[in-house]
Every structure is written in structure tokens, then in C-alpha cells.
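Visitor: Chains A, B and C, in that order, give the protein sequences. Okay, so the first sequence: first residue is 1 according to this note's numbering, each after it adds one. Okay, so the second sequence: first residue is 1001 according to this note's numbering, each after it adds one. Okay, so the third sequence: first residue is 2001 according to this note's numbering, each after it adds one. For every residue, glycine included, the Cβ atom is placed at its ideal position computed from N, Cα and C.
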Amino acid sequence: MTTTVLVLATLAVFATMGLALVRALKGPTIYDRILAVNVFGTKTVLIVALITFITGHFDLIDIALVYALINFIAIATILKLVKTRNLASASPDDAGDV
Amino acid sequence: MRDTIFLILLLALLWLAISGLYKAPILLLGLASVVLVTWLVIRMRIIGEEHNPTVFAWRLPRFWLWALREIVVSNIHVARLVFRPERISPRIVYQNVQFKRPLGKVIYGNTCTLTPGTVTVQLTRTGTVIHALDAKSAESLGQLERKVHWLEGESEPVTPENGRQHRQHTGQADREDKRQTHGREAGQ
Amino acid sequence: MFETIIDIVSWLLLLAGGAFGIIGGIGLLRFPDFYSRLHAAGLTETLCAICIIFGLVLQAGVSLLALKLLLILLFLLFTAPTATHAVARSAMIDEVDPILSDDSPRLVEFEDRP
């Protein structure tokens, strides 16, 4: 019974990822796509956590832990690349921000 | 200095919790990474009171419980709006917020974005620009501001005389209330 | 008996998390402009994650595994708003116009008052 519920939850999260993918393909702005990819990434963390419990390989949870952090850095990096076309420089627009 | 010690303790605990292997070579690796990270943090000069988990003492768990309840309530509200997209009335809220320390503003912005229905678009020294999905979401901002002030130890949760104390910079209390419900009036 | 109750609560949490995920995904498609889609994304990133992780914690019991799950939740809840804010701020700087209801104030930069 528990496995059934876990699989159902996994399928639901997969459905969410599919919907996010549709948004990523439709756009229309680049920021819609980045947002969708961000959602896709956080759902990946949940999928890995769920699969850990379905398969019983509890070492997999470390992958979810690391993916949660990498996903955030990836989004920040993509945003900087889109904004400045250059990963090395700082954006002059944001200089006044706190 | 105190913050540095707290950071080292936190990092050491994190290593022990995540690694789960308690053998000498692994523990030495842990020690090395704690030293490395602490050195990097000191070199980057980003050490501060946010590394001290006791900075808000017992108020922090209560704030988390309150935030969890807010998250559940606003999630259900936004989930309803998903099925009736014609009911949304997006609006921009400009709000002056003043907190004792930068950490308060970060908590304010973070919690605001964490509750669906409100997203912090800009955070400056004295104010915030917030995109709210509808009037009900915009109204919850005032309560959040009071709660963060309470978290910083300034006042009790929702008593009027304490509420006035931190609002001197914008004038009278009733004008303040009008500003908070501004979004709703505009929507009608 | 006690374990059965824990199991049932955990199943309900897992299913609720999945449901909120799908609702958020639908919102991501149905909402009219970029800024309102941010809220739909927030739906999948907060309650969906909280419900699923807490459901799994109940399955794990008191163990290192449960601690790691709670750490994942902590990281997600700290980073998700930051990522959302970064995307929203970038869109604002890039002058993506929001659809606003009548009479609400327009989106402009906030000016610091000394």
C-alpha cells in the first residue's frame, strides 16, 4: 500500500514536470522558460527523494541533497548569463540593490 | 568572533549529520573542509549574525510555525484561483519597511516570496516592491511586517500601541492602514 | 495501531503534495502573464515540497535519513524564494510588463528615501 501511494505521488510529480516542460517550450519570454526550468529542477529533487523510498536504496538521498543546492546555483548562473552575456562581470543595473 | 564560532559549530554538525561515517580518515576530511570553508567565509567577509542560530532565541520556532500556517492558507487560496483564473487581479504594492537589521529585511522578503500570492520583486534600503496575485494576498503583507518586527524583539504580535511605534516614519497609523489596503481599494 | 495512523497520515501528505504539484503545474499554464505564473510556481515549490518531504519523514521514522530529508526541505525553502526573486527582478530590469488590474499602480523602480 505504501509503495502504491509512493508511486502515485511520483506520477503526480512527473505530471507537474511535464506541465512545466510545456511552459518551458511555449515561453513566451525567456524568464518564463527559466522559471519553468527552476520548477523542473525542484521537482527533480522530490522525484529522487521518492525513488529513494520506492527502491529502498537509501544512499540515493544524498543525490537529492546535492541536487537541491546545484539547481539553485544553476538558476542564478543562467540568469546572470542571460542578463550580462558574460559570467565574469557584474551587472551595472543591479549596483544600487541591497 | 562569536559568529565565527557558531559557524564552525554549525558546519561541524552538518558534516556529522550528512556523512554518517565516523572513522578517523573521514573525520579528518571533515575537519579539513570545515577549516577551508571558515577561511573562505572570513576572506569573503560575509560572516554575520545570520550564522548565529540563537539570534532570535525562542521566537524563531514560533515564527516558523506561524509561517507554515500562512503558507498552507495562501497555498489553498492560490490553488482555488488556478481553477478560476478570471478572478485574479494582479497588482503592484509599494511598501516602506524599516527593520532593525538587514537580517530582518531578508526574512521579510523571503517569507513574503515563500507564501504564494506575493512575490518580492525589488528590495531596497527603505522599501519593497511586491507583486501580489489579488487583494487578499496583498492584505497579508501588513501582518507579515508586524510579525517580523515581533521576531526582532521590538513588540508584541498584534497590539496597536506597539504597532504605532515602528510606524513613525510614515506618519499616522490610519494612513498606514490605508496604504496597506490600497491594493484592494484600487481593485474595486 | 499507532503505526497504522502514522502510515495513513503519511499517505495523505504524499497524495496532497502530488495534488498541489499538479495544480501548480496547471496554474503555470493557465495564468496570463509571467508575474502571475511566479505564484503558480511558488505553489509547487512550497506546499508540494513540504507535504511530500514530511510524508517521507513519517515513513523514515527517527533516523539520519529523516534528518537529511529535513535538510533538503530547509535548503529548498531557503533557495526557492531567492531564485524566484532573482527571476522576477531580472524580468523587471528587462522591462517585462505585468498585466495589472485596472487602477493599480504601475511597476516602476522603488526610489530610496533618505
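1. Compute the beta-carbon to beta-carbon distance between Q1095 (chain B) and I1130 (chain B), rounded to the nearest angstrom, for a pair I have assumed lies under 8 Å.
2. If the cut is a Cβ gap below 8 Å, which residues of chain C does I61 (chain A) touch?
3. Closer than 8 Å by beta-carbon distance: list the chain E residues that pair up with I2099 (chain C), in chain order.
4. Does the beta carbon of H1131 (chain B) sit closer than 7 Å to a beta carbon anywhere in chain C?
5. Looking at V1078 (chain B): is its Cβ nearer than 7 Å to the Cβ of G1117 (chain B)?
6. Going by the DSSP bridge assignment, what does I1130 (chain B) pair with across the sheet?
7. So, using beta-carbon positions, are G2055 (chain C) and L2014 (chain C) closer together than 7 Å?
8. Using 7 Å as the limit for Cβ to Cβ distance, is F14 (chain A) near chain C?
9. Give every residue of the same chain whose Cβ lies closer than 8 Å to the Cβ of R1059 (chain B), excluding the five residues on either side of it in the sequence, and list them in chain order.
10. Do P2081 (chain C) and L1114 (chain B) have their C-beta atoms within less than 7 Å of each other?
11. What residue does the alpha helix (DSSP H) around P1137 (chain B) start on, and which one ends it?
12. For a contact defined as C-beta to C-beta under 7 Å, what are the partners of I34 (chain A) on chain C?
13. Short of 8 Å Cβ to Cβ, which residues in the stretch 2004 to 2038 of chain C face chain B?
14. Going straight from the alpha carbon of K982 (chain B) to that of K2068 (chain C), what length do you get?
15. What did DSSP end up calling R1087 (chain B) once you bin it into helix, strand or coil?
16. Quick one: which chain A residues come within Cβ less than 7 Å of F2075 (chain C)?
17. Within the same chain, show all residues whose beta-carbon is closer than 6 Å to that of A64 (chain A), passing over the 5 residues directly before and after it, in chain order.
18. Quick check on the burial criterion: 16 or more other C-beta atoms within 10 angstroms. Buried or exposed for M2092 (chain C)?
19. Which of helix, strand or coil does DSSP assign to S1033 (chain B)?
20. Counting along the chain, where does the alpha helix (DSSP H) carrying M17 (chain A) start and finish?
21. With DSSP run on the structure shown, which of helix, strand or coil describes V2057 (chain C)?
22. Whose C-beta lies closer than 8 Å to the C-beta of E1161 (chain B) among residues of the same chain, with five residues either side of it excluded?
23. Since R1002 (chain B) is in the alpha helix (DSSP H), which residue starts that stretch and which ends it?
24. Leaving out five residues on either side along the sequence, give the residues of the same chain with a beta carbon under 8 Å from the beta carbon of N1052 (chain B).
25. How long is the line joining the alpha carbons of A2083 (chain C) and F72 (chain A), rounded to whole angstroms?
26. What would DSSP say about V1072 (chain B), mapped onto helix, strand or coil?
27. Just to confirm the assignment, what range does the alpha helix (DSSP H) spanning P1102 (chain B) have?
28. Note down the Cα distance separating S2090 (chain C) from L79 (chain A), rounded to an integer number of angstroms.
29. Spatial neighbours of P2032 (chain C) within its chain, please: C-beta separation below 6 Å, excluding the five flanking residues on both sides.
30. For L1027 (chain B), decide whether its Cβ has a neighbour in chain C, counting only Cβ atoms nearer than 7 Å.
31. Which residues, in order along the stretch 1066 to 1089 of chain B, keep a beta-carbon less than 7 Å from a beta-carbon of chain C?
32. Using DSSP with H/G/I as helix, E/B as strand and the rest coil, what is A36 (chain A)?
33. Between F1063 (chain B) and A1057 (chain B), what straight-line distance do the alpha-carbon atoms span, to the nearest angstrom?
34. Could you pull out every residue in the same chain whose Cβ sits closer than 8 Å to the Cβ of L2107 (chain C), ignoring the five residues on either side in sequence?
35. Count the CB pairs spanning the stretch 1006 to 1023 of chain B and the stretch 2059 to 2076 of chain C that are closer than 8 Å, and state whether there are at least three.
36. Quick check: what's the CA-CA separation for D2094 (chain C) versus H2085 (chain C)?
Guide: In brief:
1. 6 Å
2. Chain C residues near I61 (chain A): L2065, K2068, L2069 and I2072.
3. The chain inventory of the structure shown lacks chain E, comprising the protein chains A, B and C.
4. yes
5. Yes. Within cutoff.
6. Answer by DSSP bridge pairing, in chain order: B:V1093 and B:T1120.
7. Between G2055 (chain C) and L2014 (chain C), the C-beta gap is smaller than 7 Å, which places the two residues in contact.
8. no
9. Apart from sequence neighbours up to five positions away, the residues of its chain that approach R1059 (chain B) with a beta-carbon distance below 8 Å are W1150, L1151 and G1153, ordered along the chain.
10. yes
11. Reading the sequence as shown, one finds Ser at residue 1137 (chain B) and not Pro. Note, S1137 (chain B): alpha helix (DSSP H), A1135 to L1151.
12. V2087
13. F2020, I2023, G2024, I2026, G2027, R2030, F2031, P2032, D2033, Y2035, S2036 and L2038
14. Any question about residue 982 (chain B) goes unanswered here, given that chain B covers just 1001 to 1188.
15. helix
16. A68 and L69
17. The residues are V45, V48 and A49.
18. buried
19. S1033 (chain B) falls in the helix class under three-state DSSP.
20. T2 to K26
21. helix
22. Interpretation of E1161 (chain B) is limited by its pLDDT of 42, a score under 50 that renders its predicted location unreliable; the figure taken from the coordinates is listed afterwards. Excluding positions up to five away in sequence, the list is empty.
23. Unbroken alpha helix (DSSP H) run through R1002 (chain B): R1002 to S1019.
24. Correct list, in chain order: R1002, D1003 and F1006.
25. Going from the Cα of A2083 (chain C) to the Cα of F72 (chain A) covers about 7 Å.
26. Helix.
27. P1102 to L1114
28. 7 Å
29. I2099
30. Not an interface residue.
31. I1071, V1072, N1075, V1078, A1079, V1082, P1085, I1088 and S1089
32. helix
33. 11 Å
34. M2092, D2097, P2098 and L2100
35. Three or more beta-carbon pairs separated by less than 8 Å link the stretch 1006 to 1023 of chain B to the stretch 2059 to 2076 of chain C, which places the two stretches in contact.
36. 14 Å
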